[in-house]
Amino acid sequence: MAKVKWAEGIEYVSGLLTKRPKAGSMHSDHCSALLATHRVAATENPVCTRLYMVGPYKRSTAITSNELDARARFIAVAAAVKARKEDLQHITQDQIDFKAQKDSPGGKRTMRAYLWKVCGEEYDQKHS
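In the numbering used here, the protein residues as written are 238 to 365.
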């Protein structure tokens with residue numbers, strides 16, 4: 238994934254930026270494509286355009302322990318958020334807490350972002 242900054246006057250680009258590969262050849266060694274996306278969903282992140290390379294990719298460095306830790310944290314927090322969204326014991330209190338912090342400075346504007354914050358903090362407390 239790459240962050241994209243377009244030339245002045247171009248607000249965003251979305252779609253396939255290279256010639257469309259032949260069917261069935263996306264996974265061959267000689268085929269690659271660039272795909273640009275523009276996010277329209279509400280979020281706190283100001284970066285809304287991404288550029289993806291589809292096709293063969295070889296990493297130039299080994300995966301670091303920090304990257305492995307970040308991946309493990311992401312997987313664990315994502316699972317915790319999913320479980321907490323469906324847990325009837327937490328739903329009412331989470332909604333009350335979310336509404337209380339929503340309009341405060343630094344408050345999360347979406348319920349999903351709030352749950353990621355709460356579950357992330359719980360994960361960090363357990364693993365610090």
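For each residue, glycine too, the CB sits at the ideal point set by N, CA and C.
Taken through DSSP and simplified to helix, strand or coil, residue 252 comes out as strand.
Taken in chain order, the complete beta strand (DSSP E) segments of 3 or more residues contained in the region 260 to 330 are 270 to 275, 286 to 291. If you draw a straight line from the Cα of residue 348 to the Cα of residue 335, it comes to about 7 Å.
When the Cα atoms are used, residue 325 and residue 360 turn out to be separated by approximately 21 Å. Taken through DSSP and simplified to helix, strand or coil, residue 244 comes out as coil.
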